[in-house]
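Sequence lines, in order, name chains A and B. Reading the first sequence from the start, the letters are residues 1 to 361 in UniProt numbering. Reading the second sequence from the start, the letters are residues 1 to 361 in UniProt numbering. Glycine included, C-beta positions come from ideal geometry on N, C-alpha and C. From a predicted model like this one, the values you see are computed outputs, not experimental measurements.
2 protein chains.
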Amino acid sequence: MSSIDHFWAVIPAGGAGTRLWPLSRSSAPKFLHDLSGSGRTLLQETRDRLAPLAEDRIVVVTGEPHREAVLAQLTELAADSVVAEPAPRDSMAAIGLAAALLERRDPDAVMGSFAADHVVADPEAFRDAVRRAVAAAREDWLVTLGIEPTFPSSAFGYVHVGDPLPGLEGASAVREFVEKPSVATAEAYLATGSYRWNAGMFVVRPTVLLDLLHQWHPEFADALRAIAAEPARLAELWPTLPKIAVDHAVAEPAADAGRVAVVPSSFPWEDIGDFDALATLLSRGQDEAGPVVLGDPSMVLSVDSTGLVVPSAGRVVAVVGLDDVVVVDTPDALLVTTRARAQEVKQVVAALKDGGRDQLT
Amino acid sequence: MSSIDHFWAVIPAGGAGTRLWPLSRSSAPKFLHDLSGSGRTLLQETRDRLAPLAEDRIVVVTGEPHREAVLAQLTELAADSVVAEPAPRDSMAAIGLAAALLERRDPDAVMGSFAADHVVADPEAFRDAVRRAVAAAREDWLVTLGIEPTFPSSAFGYVHVGDPLPGLEGASAVREFVEKPSVATAEAYLATGSYRWNAGMFVVRPTVLLDLLHQWHPEFADALRAIAAEPARLAELWPTLPKIAVDHAVAEPAADAGRVAVVPSSFPWEDIGDFDALATLLSRGQDEAGPVVLGDPSMVLSVDSTGLVVPSAGRVVAVVGLDDVVVVDTPDALLVTTRARAQEVKQVVAALKDGGRDQLT
């Protein structure tokens with residue numbers, strides 16, 4: 001399969017991953033880590049997944065503090081392929097800035113935006129979906145990939161899939177985006193067969209995205225285009241941009257205006273939000289007794305235990321008589337919890353911040 | 001209170017403390033550790049408890065590999081106060097060797113043997129009991145201290161207390177020693193009020209001990225006296241000594257022969273066999289929520305958890321949503337278990353040995 005002419009992959013690399021502490025830190029967020037045991041970090045896997053489509057047309061948008069780490073992990077990138085945000089201003093600013101830069105750089109560009117910290121198990125199926133999305137984006141649709149739900153999650157937003165778009169294979173109109181529902185509502189969605197998870201994957205011509213933004217937030221779009229025209233104004237204009245997600249700023253109103261398409265997709269996808277999700281991901285296809293291990297299995301000794309052990313400090317970790325335990329060992333901090341309580345790890349991070357120990361967060 | 005003339009404190013310092021791994025190691029057994037958070041190790045506390053009675057008449061019997069560590073912890077000891085066993089040969093050999101050496105050194109000696117790794121909460125009450133035991137030992141009794149049972153333990157042997165000994169305040173004859181009973185039997189013992197725990201604390205004139213040993217194991221007693229007479233023969237004779245506990249070799253048959261007395265005592269006593277016992281010890285008198293901490297409490301962050309945390313590697317330990325958990329953090333090994341499963345830690349040590357990782361045990 002060949003690459004796609006004028007296709008640009010935009011990789012927003014942000015988010016602290018607080019619930020993955022102490023592995024993920026503000027100084028080294030989730031996307032910089034190998035969470036699949038593949039030997040590649042989430043950021044590197046995201047790049048690997050997109051390179052066959054985009055070749056070297058890859059733009060990473062990340063926070064200024066992570067610029068060097070991103071370049072160190074993606075050695076094939078040119079330095080000007082990493083756009084550093086002076087401060088985090090949510091996803092519309094990050095993706096909009098990339099769009100404004102690409103609009104000037106390549107008038108025929110179609111961009112696809114894919115978060116740096118997602119896991120996709122079948123890259124070929126992913127790329128097939130992107131190809132279909134690009135075809136629809138060339139017809140001026142704002143296109144989202146609709147992930148096939150595997151359970152009635154209340155943690156994701158949903159896309160309500162409408163009628164197929166004539167002449168655009170595998171693409172349908174979007175009726176609406178719906179916010180994270182209750183589990184009961186999610187079960188009803190799944191029963192209809194016409195709802196998909198919204199994974200925040202958008203494929204669109206940069207000009208279309210900015211023009212849509214201009215409809216509802218004209219000053220926002222103007223500011224982004226002003227920065228692209230005159231990059232020296234970044235520091236001045238960036239702090240004036242609204243902090244808003246691309247979903248709220250553009251995707252939802254554009255769907256109501258009949259401008260959004262969805263490519264329903266069936267590749268396995270994970271947003272590894274916490275250690276419970278990570279344990280699920282790593283235990284897939286493993287029938288062995290004992291906890292799953294992210295790292296060197298010879299460093300873990302288990303007696304009658306299950307769960308997840310991350311021995312990343314080079315020390316032996318012994319677990320005796322605990323079910324669904326989570327042990328994450330790092331050189332300066334250790335976490336012990338259970339899969340069921342994994343969400344509450346953020347309380348530890350909050351306590352560390354409150355206690356003035358930010359260097360550990 | 002003054003010291004006791006000719007009283008010699010013998011401290012057998014042996015035992016690996018396998019169930020306290022990874023804190024306790026064969027290279028640094030239990031008695032070398034501060035398990036009470038007092039700032040003093042169990043060995044140092046044992047010495048501190050005995051020094052008011054024995055002054056500098058203290059003899060530590062330990063394995064050759066631990067001789068230097070013992071001297072480093074007990075800086076007030078003369079080098080010849082530490083007797084190094086060439087290899088472990090159980091308690092009769094260790095205590096008998098000390099007896100044979102003292103028999104030659106001080107014909108009026110009364111020795112008291114107290115393990116280096118026990119915890120005694122009321123040292124003054126302990127010393128009162130020893131004083132009474134010494135008075136009986138001067139009358140040629142083999143005297144044991146009988147610990148008041150606090151629950152029907154099946155982990156300790158018991159002493160059956162007989163009639164008071166006329167003229168020896170607080171001392172009674174021993175009817176018999178009984179091996180570790182079932183919990184039901186232990187309950188029956190406690191109901192009678194005439195059974196005490198056998199903590200292996202013996203007070204006796206060295207000559208009486210060796211003469212008793214000679215009755216049942218004449219060659220054993222002869223060999224010990226030969227070593228004392230000619231220390232150069234230690235390496236030759238030591239490997240010939242039977243591996244037997246002092247209880248079986250002497251105390252039990254001597255009790256049957258009506259030669260053993262008991263001083264029933266009420267000082268709080270603990271043999272910290274595992275992390276469950278350690279948690280019990282440390283939580284005494286603590287009403288705070290959260291796990292008990294052996295070490296610096298500021299290194300432990302707890303969310304809705306109880307149990308025991310030992311942060312001895314200088315790293316932050318966070319525990320979230322686990323009841324009765326045990327987390328022991330050391331620089332090269334980490335243990336996570338529960339109080340209920342703490343006994344099974346020895347399986348980890350066995351697995352490490354099997355895997356050729358003896359340096360971690």
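Its chain contains Asp106, Asp108, Ala109 and Val110 as the residues whose beta carbon lies nearer than 7 Å to that of B/His6, once the 5 sequence neighbours on both sides are disregarded; these appear in chain order.
Using a Cβ-Cβ cut-off of 9 Å, A/Thr338 is close to Val320, Gly321 and Leu322 of chain B, given in chain order.
A Cβ of chain B is located within less than 8 Å of the beta carbon of A/Ala333. Sequence-distant Cβ neighbours of A/Thr240 in its own chain, meaning closer than 7 Å and more than five residues away, are Ala223. Across the structure, B/Ala133 and B/Gly14 are spaced so that their CA atoms are roughly 24 Å apart.
A residue is called buried once 16 or more other Cβ atoms fall within 10 Å of its Cβ, and A/Thr75, having fewer, is exposed. Proximity to A/Met299 across B/Thr192, B/Leu35, B/Ala351 and B/Ser302 peaks at B/Ala351, based on C-alpha coordinates.
Between A/Ala16 and A/Ser3, the CB-CB gap reaches or exceeds 8 Å. Within the DSSP bridge table, the entry for B/Ala318 names A/Leu335 and B/Leu301 as partners.
Scanning its chain for C-beta atoms nearer than 7 Å, with the 5 sequence neighbours on each side dropped, one finds around A/Ala98 the residues Val10, Val59, Val61, Val83 and Met111, in chain order.
Of the candidates A/Ala261, A/Ala313, A/Ser265 and A/Val326, A/Val326 places its Cα closest to the Cα of A/Gly290.
In this model, A/Pro88 and A/Gly63 are separated by some 7 Å (Cα to Cα).
Within the stretch 198 to 286 of chain A, the runs of beta strand (DSSP E) at least 3 residues long that lie entirely inside it are, in chain order, 260 to 265 and 269 to 271. Here B/Thr150 is exposed: its Cβ has fewer than 16 other Cβ atoms, across all protein chains shown, within 10 Å. Straight-line measurement puts the Cα of B/Ala171 at about 33 Å from the Cα of B/Ala279.
Look at B/Leu352: its C-beta is under 8 Å from a C-beta on chain A. Residues of the same chain with a CB within less than 8 Å of the CB of B/Ala228, apart from the 5 flanking positions on each side, are Leu97, Ala100, Leu101, Glu103 and Arg104 in chain order. Taking a beta-carbon distance threshold of 8 Å, A/Glu344 counts as an interface residue toward chain B. The Cβ of A/Val303 sits closer than 8 Å to at least one Cβ of chain B.
In chain order, Val328, Thr330, Asp332, Ala333, Leu334, Leu335 and Leu360 place their CB closer than 8 Å to the CB of A/Pro22, counting only its own chain and leaving out the 5 sequence neighbours on each side. Residues of chain B whose Cβ lies closer than 8 Å to the Cβ of A/Asp329 are, in chain order, Leu334. The beta carbon of A/His33 is closer than 7 Å to those of Leu23, Ser24, Thr41 and Leu42 in its chain, skipping five residues each way along the sequence. At a cut-off of 8 Å between beta carbons, B/Val293 makes no contact with chain A. In the structure shown, the three-state DSSP call for A/Phe126 is helix. DSSP, read as helix, strand or coil, puts A/Thr306 in coil.
Within chain A, Val316 have C-beta atoms less than 7 Å from the C-beta of B/Leu360, given in sequence order. Around the C-beta of B/Arg339, 16 or more other C-beta atoms lie within 10 Å, and the residue is accordingly described as buried. When DSSP reads this structure, A/Val120 sits in a beta bridge with A/Trp269.
Scanning its chain for C-beta atoms nearer than 7 Å, with the 5 sequence neighbours on each side dropped, one finds around B/Ser182 the residues Ser154, in chain order. The beta carbon of A/Val310 does not come within 8 Å of any beta carbon belonging to chain B, so the residue lies off that interface. The C-beta of B/Arg25 comes no closer than 8 Å to any C-beta of chain A. Per the C-alpha coordinates, the member of A/Pro264, A/Ala313 and A/Gly321 positioned closest to A/Thr306 is A/Gly321. By the C-beta criterion, the stretch 207 to 217 of chain A is judged not to be in contact with the stretch 178 to 194 of chain A, since fewer than 3 inter-stretch pairs fall below 8 Å.
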